[in-house]
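Participant:
Printed below as a string of structure tokens:
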């Protein structure tokens, strides 16, 4: 397996395994033993041929919504990129546009704690591309673009090979291409991706217009997460009722999660929504040490204390009382050996560095936030640091062009609440013994577009 | 009688073009100073930021108005063969083509700046800003145009005024470059270098150039006017 | 600058960026709000028409 040389804390790249739940695996069916990607033939053997739903380009201008979109609506599929936006709504919006549209498969995956999208690309590219093809037919798009992060070399290769394998495939869009996008936390944000595809930096733009109205080359653009397209590929084959056989009423279906931390087999797993965290941990071979806490949803997510983890179920509905959500399917465990304060300070500093630097409140606020958290961690905070953090949080939220500052604030505030004793301890006595232990929460060492931009450009005006 | 009349109307426009040119230089200098104050967010209780900003915009527009007059009067003036085209398309004229052309270059830049600023809200910020920086180039070009074409350059008061304006602009540029140092180090060093080179160039060139002998001939005044030129000058000087 | 031109609705945070309450503007403030938005050096302000209102 290829080594991802950019991650800081990971020992080896994760590999998907098949969990115990009976109706699963769906997406992760038939992972080949040879460790490479499923070829087109192997893929068709497992899942069957592409469904003849009858959405042909000639039917694009009909007023009746496409059959596929109807199925996706009944299935209740929501985006798997973290925002959970209803996929059918997006499809309707792009299909209704006058101009010929473009479909973008977003596998940029800027979230360091998530590996599911690059894993899909690396091992199951045809599933993703099937979904892209079906969606393109449904919205009348003539171009399909797959965006893969430049640091995931094996994934890039696999997608390129898969696209080549599919050339000439019936029903494929006129143009299918791969776009390698820079790493960076905000690079996978919808408008940032469109910005990059239009020749600009991979940084969020000030909406409007939204990508579904005017995106790549000013054409209506459907941008969805790679995993979402994989689900579309299966809903197209098996229908909405089948999709709803797993999961909960409000969150139907299965989902990929990335499990990291003190477990025997960290990696990408497929769960049904509502499955218990314990079942997932069991499927991963159990924990290697009692986890101190779990970070759910990624670095814009929230913490759940270790003691509560036994009763946690993996759906937004069940996690809401804990103040958390699954986000892009991130479950990052923190071992008892790690120092949550040091980890929070590291990630907060990284999040501030990942700011696009376009909005003053985010650029300044996250910097001040990270500095304050670091002061608390080293015991050098003056005055009431808690109050200062609360004030900064209020100043930063909803004052950026994207949701990055809001996510960073959520992460920090959740850490302060979950680890209040540890933070108080650090404020009084400074660094603890665990501060020196190796970092557990994964962070890349690459420089992002935001950081590059801030080095080149000075202060506002 | 008619010769005197012709000389009078010629002189009037010639006066106007010189005076409006001089005023334009003053206003453009003020516009740059105000522009730097604006971007530095300068303010006092009596001069809040929106006042500095409005002044910058209005002084700039006033400068454009004076430039329009400057061009119009230079075209209307019968003495020097300057057509309207020469004011916009540089280096094609027959009167001191290079030095006049510099004026056209500077004016063209300022037209672009003005139009983009009036349409500011309809264009991207980065584009608007990039074009706006042309002002830093247009000013020294305008100054050189003034030195090269102006017939009063040897007058002490005008020379002092020009040098005074130059010092003000240099101070503004210095203030702009130093704030936020050392970000964008390359651009800032280039700006400082450019300003320094320009100043040194002036120091070396002025004495032997416009302030030197027979500049009218050397700068490209058509020979048919050369005799008249000195005549008109002394007459104008006499009227003063 | 915007805080100077529309002090009724805009205050500045510690970094000089505008804080807006997002409440609908009365007609009397509309021209002032437009001027404030036009004056912003980075076009960070927008005067938006609310659905159903003026």
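Protein chains in written order, with the numbering used here: chain R, 1 to 461; chain Y, 1 to 240; chain Z, 1 to 54.
For glycine and all other residues, C-beta sits at the position ideal for the given N, C-alpha and C.
It should be emphasised that the depicted structure is a prediction, and the values quoted were computed from it without experimental measurement.
Mind listing which residues of the segment 377-400 of chain R have their C-beta closer than 7 Å to chain Z's C-betas, in chain order?
Facilitator: 395
Participant: If you measure beta-carbon to beta-carbon, which residues of the segment 121-135 of chain Y are closer than 8 Å to chain Z?
Facilitator: 121, 125
Participant: Is residue 242 of chain Y close to chain Z, meaning its C-beta is less than 8 Å from at least one C-beta of that chain?
Facilitator: For residue 242 of chain Y there is no data in the structure shown, the boundaries of chain Y being 1 and 240.
Participant: Tell me the DSSP bridge mates of residue 225 of chain R?
Facilitator: Numbered from 1 along the first chain, position 225 holds the residue referred to as residue 225 of chain R. R:106.
Participant: Let me know if residue 58 of chain R comes out buried or exposed under the rule of 16 or more other beta-carbons within 10 Å of its beta-carbon.
Facilitator: Here residue 58 of chain R corresponds to residue number 58 of the first chain, with the count starting at 1. The pLDDT assigned to residue 58 of chain R is 48, lower than 50, so where the model puts this residue is not dependable, and the model offers no usable value.
Participant: Determine, for residue 54 of chain Z, whether the minimum Cβ-Cβ distance to residues of chain Y falls below 8 Å.
Facilitator: Stepping through the third chain from its first residue, residue 54 of chain Z is reached at position 54. Only weak support exists for where residue 54 of chain Z lies, its pLDDT of 34 falling under 50; the value from the coordinates is given anyway. For residue 54 of chain Z, the answer is no, since every Cβ of chain Y falls outside 8 Å of its Cβ.
Participant: Between which residues of its own chain and residue 165 of chain R is the CB-CB distance below 6 Å, once the five residues before and five after are set aside?
Facilitator: Within the first chain, residue 165 of chain R is the residue found at index 165, counting from 1. So the list reads 40, once near-sequence residues are dropped.
Participant: With 8 Å set as the bound, which would you pick, yes or no: does the beta-carbon of residue 364 of chain R sit closer than that to a beta-carbon of chain Z?
Facilitator: Residue numbering aside, residue 364 of chain R sits at position 364 when the first chain is read from its first letter. Chain Z, which has a Cβ nearer than 8 Å to the Cβ of residue 364 of chain R, makes this yes.
Participant: Would you say residue 38 of chain Z reaches chain Y, if we count a Cβ-Cβ gap shorter than 8 Å as a contact?
Facilitator: Translated into positions along the third chain, residue 38 of chain Z becomes position 38. Chain Y contact via Cβ: present.
Participant: Rounded to whole angstroms, what's the CA-CA distance from residue 116 of chain Y to residue 101 of chain R? Just pull it up for me.
Facilitator: Indexing the second chain from 1 puts residue 116 of chain Y at position 116. Indexing the first chain from 1 puts residue 101 of chain R at position 101. So the two alpha carbons sit approximately 32 Å from each other.
Participant: Taking 8 Å as the CB-CB cut-off, is residue 21 of chain Z touching chain R?
Facilitator: Your numbering for residue 21 of chain Z matches position 21 in the third chain. Closer than 8 Å: no.
Participant: Could you name the residues that DSSP lists as bridge partners for residue 38 of chain Z?
Facilitator: One-based indexing of the third chain puts residue 38 of chain Z at position 38. In the DSSP output, where bridge partners are listed per residue, residue 38 of chain Z has none listed.
Participant: Just to make sure I have the definition right: I need the residues of chain Z whose C-beta is within less than 9 Å of the C-beta of residue 50 of chain Y. Which are they?
Facilitator: The residue labelled residue 50 of chain Y in the question sits at position 50 within the second chain. Ordered by position in chain Z, the residues that pass the 9 Å Cβ test against residue 50 of chain Y are 1, 2, 4, 5, 35, 36, 39.
Participant: Write down the C-beta distance between residue 298 of chain R and residue 327 of chain R rounded to the nearest angstrom, noting that I regard them as a contact closer than 8 Å.
Facilitator: Here residue 298 of chain R is taken as the residue at index 298 of the first chain, counted from 1. Here residue 327 of chain R is taken as the residue at index 327 of the first chain, counted from 1. That belief holds up - the Cβ atoms of residue 298 of chain R and residue 327 of chain R are roughly 5 Å apart, short of 8 Å.
Participant: In chain order, which continuous runs of the beta strand (DSSP E) of length 3 or greater are located wholly inside the segment 165-237 of chain R?
Facilitator: Here the runs fully enclosed are 175-181, 221-225.
Participant: Just confirm the distance between the C-beta atoms of residue 107 of chain R and residue 146 of chain R, as a whole number of angstroms; I'd bet it's less than 8 Å.
Facilitator: Here residue 107 of chain R refers to the residue found at position 107 when the first chain is read from its first residue. Here residue 146 of chain R refers to the residue found at position 146 when the first chain is read from its first residue. Confirmed, about 7 Å.
Participant: Could you compute how far the alpha carbon of residue 231 of chain Y sits from the alpha carbon of residue 147 of chain Y?
Facilitator: Along the second chain, read from residue 1 onward, the residue named residue 231 of chain Y stands at position 231. Along the second chain, read from residue 1 onward, the residue named residue 147 of chain Y stands at position 147. In this prediction, residue 231 of chain Y has a pLDDT of 44, which is less than 50 and means its spatial position is unreliable; what the coordinates show is noted afterwards. When rounded, the distance between both Cα atoms is 20 Å.
Participant: What residues in its chain sit with their C-beta under 7 Å from that of residue 36 of chain R, if we drop five residues either side in the sequence?
Facilitator: Taking the first chain and counting its residues from 1, one reaches residue 36 of chain R at position 36. Cβ neighbours of residue 36 of chain R beyond the five flanking positions: none.
Participant: Looking at the C-beta of residue 200 of chain R, does it have a partner C-beta in chain Z at a distance below 8 Å?
Facilitator: Taking the first chain and counting its residues from 1, one reaches residue 200 of chain R at position 200. Chain Z, which has no Cβ nearer than 8 Å to the Cβ of residue 200 of chain R, makes this no.
Participant: Restricting to runs no shorter than 4 residues, where is the alpha helix (DSSP H) found entirely within the segment 340-379 of chain R?
Facilitator: With a minimum length of 4 residues, the continuous alpha helix (DSSP H) runs that stay inside the segment 340-379 of chain R are 340-353, 360-378.
Participant: Count the other C-beta atoms from every protein chain shown that fall within 10 angstroms of the C-beta of residue 440 of chain R, then say buried if there are 16 or more, exposed otherwise.
Facilitator: Stepping through the first chain from its first residue, residue 440 of chain R is reached at position 440. Answer is buried; the Cβ neighbour count reaches 16.
Participant: Would you say residue 220 of chain R and residue 212 of chain R are within 8 Å of each other, going by their C-beta atoms?
Facilitator: As a working note, residue 220 of chain R is residue 220 in the first chain. As a working note, residue 212 of chain R is residue 212 in the first chain. Yes.
Participant: Are the CB atoms of residue 202 of chain R and residue 181 of chain R within a distance shorter than 8 Å?
Facilitator: Position 181 of the first chain, counted from the first residue, corresponds to residue 181 of chain R. Position 202 of the first chain, counted from the first residue, corresponds to residue 202 of chain R. In this structure, residue 202 of chain R lies closer than 8 Å to residue 181 of chain R by Cβ.
Participant: Is the CB-CB distance between residue 89 of chain Y and residue 112 of chain Y below 8 Å?
Facilitator: Counting from one through the second chain, the residue named residue 89 of chain Y turns up at place 89. Counting from one through the second chain, the residue named residue 112 of chain Y turns up at place 112. No, the pair does not count as a contact, with Cβ atoms beyond the cut-off.
Participant: From residue 284 of chain R to residue 126 of chain Y, what does the alpha carbon distance come to, in whole angstroms?
Facilitator: Start at 1 with the first residue of the first chain, and residue 284 of chain R comes out as number 284. Start at 1 with the first residue of the second chain, and residue 126 of chain Y comes out as number 126. Taking the straight line joining both Cα atoms gives about 50 Å.
Participant: Compare the C-beta of residue 357 of chain R against all C-beta atoms of chain Z and say whether one is closer than 8 Å.
Facilitator: For this step, residue 357 of chain R is matched to residue 357 along the first chain. No, no contact with chain Z.
Participant: Taking the C-alpha atoms as reference points, what is the distance between residue 312 of chain R and residue 302 of chain R?
Facilitator: Along the first chain, one-based indexing puts residue 312 of chain R at 312. Along the first chain, one-based indexing puts residue 302 of chain R at 302. If you draw a straight line from the Cα of residue 312 of chain R to the Cα of residue 302 of chain R, it is about 13 Å long.
Participant: Which of the three DSSP states, helix, strand or coil, is assigned to residue 243 of chain Y?
Facilitator: The structure shown does not extend to residue 243 of chain Y, since chain Y spans only 1 to 240, so no value can be given for it.
Participant: List, from N- to C-terminal side, the alpha helix (DSSP H) runs of 4 residues or more that fit wholly inside the segment 111-197 of chain Y.
Facilitator: Counting whole runs of 4 or more residues, the segment 111-197 of chain Y contains the alpha helix (DSSP H) stretches 125-132, 134-149, 156-178.
Participant: Just to confirm, does residue 395 of chain R get its C-beta within under 7 Å of one of the non-hydrogen atoms of the ligand GDP?
Facilitator: Of the ligands one can find in the structure shown there are none, so the ligand GDP has no counterpart to examine.
Participant: For the candidate residues R:334, R:359, R:291, R:265, whose alpha-carbon lies nearest to that of residue 405 of chain R?
Facilitator: On the first chain, position 405 is the one that residue 405 of chain R refers to. Closest in alpha carbon position to residue 405 of chain R, among R:334, R:359, R:291, R:265, is R:359.
Participant: Nearest by alpha-carbon distance to residue 387 of chain R: which of R:353, R:369, R:191, R:123 is it?
Facilitator: One-based indexing of the first chain puts residue 387 of chain R at position 387. Residue 387 of chain R has its Cα closest to that of R:369, out of R:353, R:369, R:191, R:123.
Participant: Round the Cβ separation of residue 179 of chain Y and residue 40 of chain Y to the nearest angstrom and send it over; I've been treating them as touching at under 8 Å.
Facilitator: Residue mapping note: residue 179 of chain Y aligns to position 179 of the second chain, counting from 1. Residue mapping note: residue 40 of chain Y aligns to position 40 of the second chain, counting from 1. 6 Å between Cβ atoms; contact.
Participant: Should the segment 179-188 of chain Y be called in touch with the segment 45-62 of chain Y, which here means at least 3 C-beta pairs below 8 Å?
Facilitator: no
Participant: Answer with buried or exposed for residue 174 of chain R, where buried requires no fewer than 16 other C-beta atoms within 10 angstroms of its C-beta.
Facilitator: For this step, residue 174 of chain R is matched to residue 174 along the first chain. Exposed, by the Cβ-count rule.
Participant: State the Cα-Cα distance for the pair residue 112 of chain R and residue 273 of chain R, rounded to the nearest angstrom.
Facilitator: For the purposes of this step, residue 112 of chain R is taken as the residue at position 112 of the first chain. For the purposes of this step, residue 273 of chain R is taken as the residue at position 273 of the first chain. Computed Cα separation, rounded: 22 Å.
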